[in-house]
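Chains as they are written, first to last, in this note's numbering: chain A, 20 to 303; chain B, 22 to 236; chain C, 775 to 975.
C-beta: ideal position from N, C-alpha, C; glycine also.
Read the structure below first, then the notes.
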Amino acid sequence: MGRMSNGVKCSLVAVGLLAVAAFAADNRKEFRYTVAPGASVTVTNESGPVEIKGSAGRQVVIIATTHSDKVEVDCDQNRNRIHATTHFLQRTDGPDSRVDYQVLVPSDASVTVRAPSGPITAEKMRGDLTLEGDAAQVDVHDVSNAHVHVRTISGPISLGNIANGHVEITSLNGDVRLDAVSGPRVSVNTVKGSIRYNGDFGEGGEYLLVNHSGNIDVTLPASASVDLSARSITGSVENDFPLQQKQHPAFAITQGRSFAGTSNSGASSVQLRSLSGKIRVKKR
Amino acid sequence: MNCAEFQEVLPDIIESGGNPEEEAHLKSCAVCSDLVQDLRYIADTAKLLLPMRDPSPRVWTGIRGALQREGLVRPLAGTVRFRPQAAAVLSQRRWVRGGSMLAVAALLLFAIGIIWLRNNSTRQPQPAVTARVPAAAPAAAADDDDAQMLNFVQHKSPALLATYRENLESVNAYIRDARRRIEQDPNDMGAHDHLIRAYDEKALLYEMAMARSGE
Amino acid sequence: MAQAKKSAGPGLSEAEAIDRAQRGDAESFEALYALHKRRVYSLCLRMTGNTAEAEDLTQEAFLQLYRKIATFRGESAFSTWLHRLAVNVVLMHLRKKGLPEVSLEESLEPQQEDGPRKDIGTRDRVLAGSIDRLNLERAIESLPPGYRIIFVLHDVEGYEHNEIAEMMGCSIGNSKSQLHKARMKLRDLLSVNRAEKAARR
Ligand SMILES: [Zn+2]
């Protein structure tokens, strides 16, 4: 410390002061509610991140941090429904409008988030999730036995470790990435976004990955039990996963544009559909 | 007859048309004819409002739970088996496919939210009072809608206008490509599926725009 | 799995789904829900203006549907039947809350807010060609509940005054005059909206 130059000392003090100033402008509020099983929690945040975490117990804890006095946070409980909403006290955008939400919920609660700019994250849940954002990046992981509905305009979407899920993803331009996602129903629709699926497609379910022009990349282990078909109407398909030819595929197979077949007992139905994109299926 | 008298009877005659005296006032009075035109325009626009939002999945979860508790569904081998929703939606699409072209058209229009058929079937007879009925074809209505949607976004969140415009263009390109393919091969069911999905994507864009309550 | 696929067969029509649902087939209930949920939910949402209520009412409407589906004999189209049932569920709920009756009493809306008199003599044709659906949606949301219900039923959903009168338990004349007031109110809301926009430019 003694050898430190005066210049460095000064800037350290300055940084300290800045931190205090920034801290003073931040206003952290905490709301706590007790709910019964099957509660529903809705968060609407025009600007800024929303983080959802499932936990044991019957408490909903909402921690909201505002960064200016131009916005405020409203939370209320109506029986078993909790609503948290950002309100603008004056018209503003940019950093002033931002609110950060951290929300702890019982893992069986159903949660709806609307956060146009995001990012939105949700983890450790067993209740239904409906997540929406225009440009929001959406990240969902460690979820089981739940509906997961995600909709974005341009935000990228990533799901990991979803078991027994009813997954429905719709995005216009967001890239979609699924790692170890399985369940009775998994459907992904995008326009220009790419779709990557890495996993084994579970043990009996319907998987439907559809886009207009992005790439669809699927990587699966040899142990996967699938009844798989792929078709790109004006684009191309590539396959290096061993499939047994089907006697009666659902559509006429065109070399380079489509293929279909089964592996193992063909438990899960997997349909890959692109209008003009490239579809690639690989063995892991 | 003066304006006050005319407007007194207006609630009764706006649907059905008035007697000759009332019609005469309407023809001669700009204030009343503008009023009638506005009210009629509101009613006409209302016909075009769309059922746009799907309920949250928790609604079905609730229904399913209640069905099971009430024993309204037949148990199969001890447990009730619900098919995954994807299959339900797929089969829903299949039966549309199996139906007439009219049904397909209805679904497509529904997807962008124009309940066009309804206007032409169950509506009250055209009234004798001056009517301003939008005569646009669905396609033109769609262009019009696009412009209105972008206007709305511009008003509510100007920063997002570019994103919405770009995505609107790409989803319209999706629709065009699917249409072109169907023209080439009307039996290509895969292309029909893409078209329906493209309209779903477009509906999403509209919904997102609507959800921007802004302020 | 193979069996599930067969039962989903390509030819399943709505009529078949209804038929199977009448016999308690779980999957058909879900197929019918998937087919009609959007329209029913939208109706509930427009009539109540509240997401949580709309969700509860959608659930209740479908439950009633499933409880009664065995009695559906196909005299009317299924969607018409379901829709009517949903309207009744919503009205019943609103009646419990005491909303539509009060708003149906003509006297409760302040007089000067109603009626055409202020237009008399002033030419203010403002709307034609200028409102869009999005603004109309917002304006409907801000209507007083009684007006909103009549407007949604008649102008959005296409019910006739005699049907509305029957459902609401009011006279046809009352339905007509409420609809008229609702449209007038919307015209006001939309003109204000437009004037504000113009002023901002
Ligand atoms: Zn006049």
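Query                                                                                                                                        : Result
Spatial neighbours of residue 22 of chain B in its chain, beta-carbon cut-off 6 Å, leaving aside the 5 residues before and after             : 42, 46
Interface flag, residue 878 of chain C vs chain B, CB-CB below 8 Å                                                                           : With a pLDDT of only 45 at residue 878 of chain C, under the threshold of 50, the placement of this residue in the model should not be trusted, and no figure is reported.
Beta-carbon spacing of residue 225 of chain B, residue 196 of chain A below 8 Å                                                              : no
Below 6 Å from a heavy atom of ligand 1 - residues by beta-carbon                                                                            : B:24, B:27, B:46, B:50, B:52, B:53
Chain E within 8 Å of residue 78 of chain B, Cβ atoms only                                                                                   : Of the chains in the structure shown, none is chain E; the protein chains are A, B and C.
Interface residues of the region 826-850 of chain C facing chain A [CB-CB below 8 Å]                                                         : 826
At least 3 beta-carbon pairs within less than 8 Å: the region 55-66 of chain B vs the region 142-149 of chain A                              : no
Per-residue DSSP class, three states only, for residue 944 of chain C                                                                        : coil
Cβ of residue 270 of chain A within 8 Å of any chain B Cβ                                                                                    : yes
Straight-line Cα distance separating residue 803 of chain C from residue 180 of chain A                                                      : 30 Å
Proximity below 8 Å, CB of residue 282 of chain A to CB of residue 244 of chain A                                                            : yes
Beta-carbon spacing of residue 140 of chain A, residue 102 of chain A below 8 Å                                                              : no
Alpha-carbon spacing of residue 261 of chain A relative to residue 221 of chain A, whole angstroms                                           : 18 Å
Proximal residues of chain B, C-beta to C-beta of residue 930 of chain C below 8 Å                                                           : 67, 68, 70
Collapsed DSSP secondary structure at residue 85 of chain A in the structure displayed                                                       : strand
Interface flag, residue 1036 of chain C vs chain B, CB-CB below 8 Å                                                                          : Residue 1036 of chain C lies beyond the residue range present for chain C, which begins at 775 and ends at 975; the question has no answer from this structure.
Neighbour-count burial assignment, residue 966 of chain C, 16 or more Cβ in a 10 Å radius                                                    : exposed
Cβ pair residue 211 of chain A, residue 192 of chain A closer than 8 Å                                                                       : yes
Assumed close pair residue 77 of chain B, residue 85 of chain A - CB separation to whole angstroms, cut-off 8 Å                              : About 27 Å separates the two Cβ atoms, so there is no contact after all.
Test: residue 134 of chain A CB closer than 8 Å to a CB of chain B                                                                           : no
Where the region 226-246 of chain A meets chain B: residues whose CB sits under 7 Å from a CB there                                          : 227, 229, 231
Chain-ordered neighbours of residue 63 of chain B on chain C, where CB pairs are closer than 8 Å                                             : 901, 905, 910, 929, 957, 960, 961, 964
Chain B contact for residue 291 of chain A (CB, 8 Å cutoff)                                                                                  : no
Exposure of residue 116 of chain A, with buried meaning 16 or more beta-carbon neighbours within 10 Å                                        : buried
Three or more C-beta pairs below 8 Å linking the region 250-270 of chain A and the region 287-299 of chain A                                 : yes
The region 191-202 of chain B in contact with the region 212-220 of chain B per 3-pair CB rule at 8 Å                                        : yes
Contact the region 29-39 of chain B vs the region 258-276 of chain A: 3+ CB pairs below 8 Å                                                  : no
Beta-carbon contacts of residue 134 of chain A that lie in its chain and below 6 Å, excluding the five residues immediately before and after : 64, 69, 152, 155
Nearest-angstrom Cα separation, counted from residue 811 of chain C out to residue 962 of chain C                                            : 33 Å
At least 3 beta-carbon pairs within less than 8 Å: the region 175-186 of chain B vs the region 199-207 of chain B                            : no
For residue 286 of chain A, the three-state DSSP class (helix, strand or coil)                                                               : coil
Cβ of residue 803 of chain C within 8 Å of any chain B Cβ                                                                                    : yes
Three-state class that DSSP yields for residue 178 of chain B in the structure shown                                                         : coil
Buried versus exposed call for residue 231 of chain B [16 or more other C-beta atoms within 10 Å across all chains shown]                    : buried
Check whether residue 188 of chain B and residue 173 of chain A have beta carbons under 8 Å apart                                            : yes
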